[in-house]
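Participant: Before anything else, here's the structure in question.
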């Protein structure tokens with residue numbers, strides 16, 4: 202039997218180390234996140250207890266005390282860090298027309314900031330469902346830690362009422378179609394605006410602009426695909442294969458958040474001929490990038506919402522995903 206030489210041993214150790222990196226469920230570039238940690242599994246509702254509805258949650262937040270806040274069907278359910286049900290709040294009138302939330306944030310004192318999408322008077326009159334086509338304004342709700350409404354006001358950009366409306370770090374912005382933006386409100390005197398918000402605004406309202414921006418990054422690559430027809434002739438489809446940080450890129454979904462100059466964007470990739478949901482991170486200040494592959498919801502439970510995502514002020518990513526044994530919440534911690 203042949204013995205392994207010193208050089209070969211070093212080579213094997215190097216290959217083993219590389220295999221270990223590629224085996225991680227997290228793909229990362231110079232922006233590195235920890236391996237996903239399951240924080241808690243919340244029970245499913247069976248009609249006799251306070252659990253999570255089988256549709257999952259549309260929004261997920263964590264407050265300063267580590268409580269989990271899930272929003273589904275305009276109900277805000279609060280759970281302790283260990284998963285114990287605490288209370289349910291109903292700050293939004295369910296009898297009124299509602300087009301969903303544009304953003305949510307927890308406050309340091311335990312309160313919540315909610316930003317609703319409003320509909321136009323024409324939509325209200327005709328009961329039209331334009332959804333993404335109409336964004337005539339927003340409604341700002343500030344709740345204290347007990348759920349009492351402290352502020353309830355409408356915010357509309359007078360120059361472009363049909364802007365996209367976003368909230369980040371206590372600031373409410375309107376983003377115009379050309380990528381410019383306005384600051385409409387500041388609700389936290391201790392916060393400062395993100396100087397890199399403009400990088401987010403340029404791609405926030407347009408998948409086309411984000412894809413155009415994506416193609417300019419060093420972590421995005423495209424190559425030609427060659428195939429043979431029935432007569433053996435060779436054909437070439439230019440740019441048919443595109444990859445994002447090593448994953449086969451399919452399409453962008455939409456912006457998730459901006460935190461301290463880092464833009465979080467949802468996308469879909471192809472892994473072994475199967476679609477996977479990912480979050481792509483771009484640090485526009487340092488030109489660093491990262492990619493996180495999200496967990497797959499159990500199909501028989503994924504009736505409406507596959508997963509809910511939240512990015513805290515430190516840039517850590519949280520995901521709620523539907524599983525048969527309950528609603529599982531995971532954390533990816535940003536390593537600085």
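In the numbering used here, the protein residues as written are 202 to 537.
Backbone N, C-alpha and C define an ideal beta-carbon position, used for all residues, glycine too.
Model, not experiment: these values are computed from the prediction.
1) With DSSP collapsed to three states, give me the class of residue 414.
2) So, is residue 474 buried or exposed, given that buried needs 16 or more other C-beta atoms within 10 angstroms?
3) Leaving out five residues before and five after residue 534 in sequence, what residues of the same chain have Cβ atoms less than 8 Å from its Cβ?
4) To the nearest angstrom, how far is the alpha carbon of residue 514 from that of residue 460?
5) Out of 407, 287, 480, which has the shortest C-alpha to C-alpha gap to residue 496?
6) For residue 400, name the three-state secondary structure that DSSP assigns.
7) Spell out a yes or no on whether the region 410–418 and the region 356–373 are touching, meaning 3 or more CB-CB pairs, one atom from each, closer than 8 Å.
8) Could you please give the first and the last residue of the uninterrupted beta strand (DSSP E) stretch that includes residue 449?
9) Could you say which of 529, 490, 337 lies nearest to residue 539 if we only look at CA atoms?
10) Using C-beta distances below 6 Å, list every residue in its chain close to residue 304, excluding the 5 sequence neighbours before and after it, in chain order.
11) From which residue to which residue does the beta strand (DSSP E) around residue 483 run?
12) Go ahead and pull the three-state DSSP assignment for residue 408.
13) Do residue 402 and residue 462 count as a contact pair if the criterion is CB distance below 8 Å?
14) Within a Cβ cutoff of 6 Å, which residues of the same chain sit near residue 422, ignoring the five residues on either side of it in sequence?
15) Report all residues from its chain with a CB closer than 6 Å to the CB of residue 288; omit the five preceding and five following residues, and keep chain order.
16) Would you tell me roughly how many angstroms separate the C-alpha atoms of residue 392 and residue 307, rounded to the nearest one?
17) Please report the straight-line C-alpha distance between residue 376 and residue 508, rounded to a whole angstrom.
18) Can you tell me the Cα-Cα spacing of residue 529 and residue 499, whole angstroms?
19) Kindly identify the DSSP beta-bridge partner or partners of residue 318.
20) Assign residue 249 to buried or exposed, taking buried as 16 or more other Cβ atoms, counted over all protein chains shown, within 10 Å of its Cβ.
21) Residue 288 by DSSP, collapsed to three states: which one?
22) Look at residue 255 and residue 521 and say whether their C-beta atoms are less than 8 Å apart.
23) Among residues of its own chain, excluding the 5 on either side of residue 290, which ones have a beta-carbon nearer than 6 Å to its beta-carbon?
24) When the Cα atoms are used, what is the spatial distance from residue 468 to residue 350?
25) Helix, strand or coil for residue 241 per DSSP?
26) Given that a residue counts as buried once 16 or more other Cβ atoms are within 10 Å of its Cβ, and exposed if not, what is residue 484?
27) Determine whether the beta carbon atoms of residue 411 and residue 466 lie at a separation below 8 Å.
28) Under 8 Å by Cβ, that's how I've got residue 257 and residue 523 pegged, so tell me the actual separation to the nearest angstrom.
29) Excluding sequence positions up to five away, which residues of its chain have a Cβ less than 6 Å from the Cβ of residue 448?
30) What's the C-alpha gap between residue 512 and residue 245?
Facilitator: Taking the structure as given:
1) In the chain shown, the residue the question calls residue 414 occupies position 213. Here residue 414 sits in helix by DSSP.
2) Within the chain shown, the letter at position 273 stands for residue 474. It is exposed - the Cβ of residue 474 has fewer than 16 other Cβ atoms within 10 Å.
3) Residue mapping note: residue 534 aligns to position 333 of the chain shown, counting from 1. Within its own chain, the residues whose Cβ lies closer than 8 Å to the Cβ of residue 534, once the five positions on either side in sequence are excluded, are 234, 235, 238, 517, listed in chain order.
4) In the chain shown, counting from the first residue as 1, residue 514 sits at position 313. In the chain shown, counting from the first residue as 1, residue 460 sits at position 259. Using only the alpha carbons, I get a separation of about 6 Å.
5) Taking the first residue of the chain shown as 1, we reach residue 496 at position 295. When each option's Cα is compared against that of residue 496, the closest is 480.
6) Position 199 of the chain shown holds residue 400. DSSP places residue 400 within a helical segment (H, G or I) once states are collapsed to three.
7) The region 410–418 is not in contact with the region 356–373.
8) Your numbering for residue 449 matches position 248 in the chain shown. Taken as a continuous stretch (DSSP letters only), the beta strand (DSSP E) holding residue 449 covers 448–460.
9) What is shown of the chain runs 202 to 537, which leaves residue 539 out entirely.
10) Counting from one through the chain shown, the residue named residue 304 turns up at place 103. If you ignore the 5 residues before and after residue 304, its C-beta comes within less than 6 Å of the C-beta of 316, 367, 368, all in its own chain and listed in chain order.
11) Walking along the chain shown from the start, residue 483 turns up at place 282. Counting along the chain, the beta strand (DSSP E) containing residue 483 begins and ends at 476–484.
12) To locate residue 408, count along the chain shown from 1; it is residue 207. In this structure, residue 408 counts as helix in the three-state DSSP scheme.
13) What you label residue 462 is simply residue 261 of the chain shown in a count that begins at 1. What you label residue 402 is simply residue 201 of the chain shown in a count that begins at 1. Not closer than 8 Å, so no.
14) Numbered from 1 along the chain shown, position 221 holds the residue referred to as residue 422. Excluding sequence neighbours, residue 422 sits near 444.
15) As a position in the chain shown, residue 288 is number 87, starting the count at 1. Taken in chain order, the residues that qualify are 279.
16) As a first step, residue 392 is located in the chain shown; it is residue number 191 there, counting from the start. As a first step, residue 307 is located in the chain shown; it is residue number 106 there, counting from the start. Computed Cα separation, rounded: 13 Å.
17) For the purposes of this step, residue 376 is taken as the residue at position 175 of the chain shown. For the purposes of this step, residue 508 is taken as the residue at position 307 of the chain shown. Roughly 26 Å separates the two Cα atoms.
18) Locating residue 529 in the chain shown gives position 328, where the first residue counts as 1. Locating residue 499 in the chain shown gives position 298, where the first residue counts as 1. In this structure, the alpha-carbon of residue 529 lies about 11 Å from that of residue 499.
19) Counting from one through the chain shown, the residue named residue 318 turns up at place 117. BP columns for residue 318 point to 339.
20) The residue given as residue 249 occupies position 48 in the chain shown. Burial is judged here by how many other beta carbons sit within 10 angstroms of a residue's own beta carbon; residue 249 has fewer than 16 and is exposed.
21) On the chain shown, residue 288 is found 87 positions in, with the first residue counted as 1. DSSP, read as helix, strand or coil, puts residue 288 in strand.
22) The residue given as residue 255 occupies position 54 in the chain shown. The residue given as residue 521 occupies position 320 in the chain shown. For residue 255 and residue 521, no; Cβs fall outside 8 Å.
23) On the chain shown, position 89 is the one that residue 290 refers to. 277, 348, listed in sequence order.
24) Counting from 1 along the chain shown, the entry for residue 468 is found at position 267. Counting from 1 along the chain shown, the entry for residue 350 is found at position 149. A straight line joining the alpha-carbon of residue 468 with that of residue 350 spans about 35 Å.
25) Along the chain shown, one-based indexing puts residue 241 at 40. Residue 241 sits in a strand when the DSSP states are folded into three classes.
26) Indexing the chain shown from 1 puts residue 484 at position 283. By the 10 Å Cβ count, residue 484 comes out buried.
27) Position 210 of the chain shown holds residue 411. Position 265 of the chain shown holds residue 466. Cβ atoms of residue 411 and residue 466: closer than 8 Å.
28) Indexing the chain shown from 1 puts residue 257 at position 56. Indexing the chain shown from 1 puts residue 523 at position 322. Right, their Cβ atoms sit about 5 Å apart.
29) Numbered from 1 along the chain shown, position 247 holds the residue referred to as residue 448. Non-local beta-carbon contacts of residue 448 in its own chain, meaning distances under 6 Å to residues more than five positions away in sequence, involve 470 in chain order.
30) Within the chain shown, numbered from 1, the residue matching residue 512 stands at position 311. Within the chain shown, numbered from 1, the residue matching residue 245 stands at position 44. Their Cα atoms are separated by approximately 24 Å.
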